[in-house]
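For reference, the structure is listed below as structure tokens.
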Amino acid sequence: MSAEEAKQVVQEKAAQAKEAPKQAKPTAEKQANCLACNKPIIKLRRYYRDGKFYCNKRCWRKHITKSKEEKK
Ligand SMILES: [Zn+2]
1 MSAEEAKQVV QEKAAQAKEA PKQAKPTAEK QANCLACNKP IIKLRRYYRD
51 GKFYCNKRCW RKHITKSKEE KK
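Under the working numbering, the sequence shown has 16 at position 16, and the numbering climbs by one with no breaks.
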């Protein structure tokens, strides 16, 4: 391997190292959908309960009932 070839290999490795952290970075997921009906939550009309978002009180009740049934 000539000096010129070795230099090229080093540059390629550096380029790969630069790209790697982008892929490794985890994307934080925000809750965007209602837990009851899975519809996207509209900021102004959302219903907040116990750290989670729902469309409205009805969806929250629905989710509570559903989760209670699953625990049985
Ligand atoms: Zn809903």
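A virtual CB, placed ideally from N, CA and C, is assigned to each residue, including glycine.
Model, not experiment: these values are computed from the prediction.
Of all C-beta pairs linking the segment 59-70 to the segment 27-41, three or more are shorter than 8 angstroms, placing the two stretches in contact. For the pair residue 41 and residue 66, the Cα-to-Cα distance works out to about 19 angstroms. In terms of side-chain proximity, the C-beta atom of residue 7 is found no nearer than 7 angstroms to any non-hydrogen atom of ligand 1.
Boundaries of the beta strand (DSSP E) around residue 52: 52-54.
Here DSSP, grouped into helix, strand and coil, assigns residue 49 to strand.
Between ligand 1 and the CB of residue 32, the shortest heavy atom gap is not smaller than 7 angstroms. About 5 angstroms separates the beta carbon of residue 56 from that of residue 47, a gap short enough to meet the 8 angstroms contact definition.
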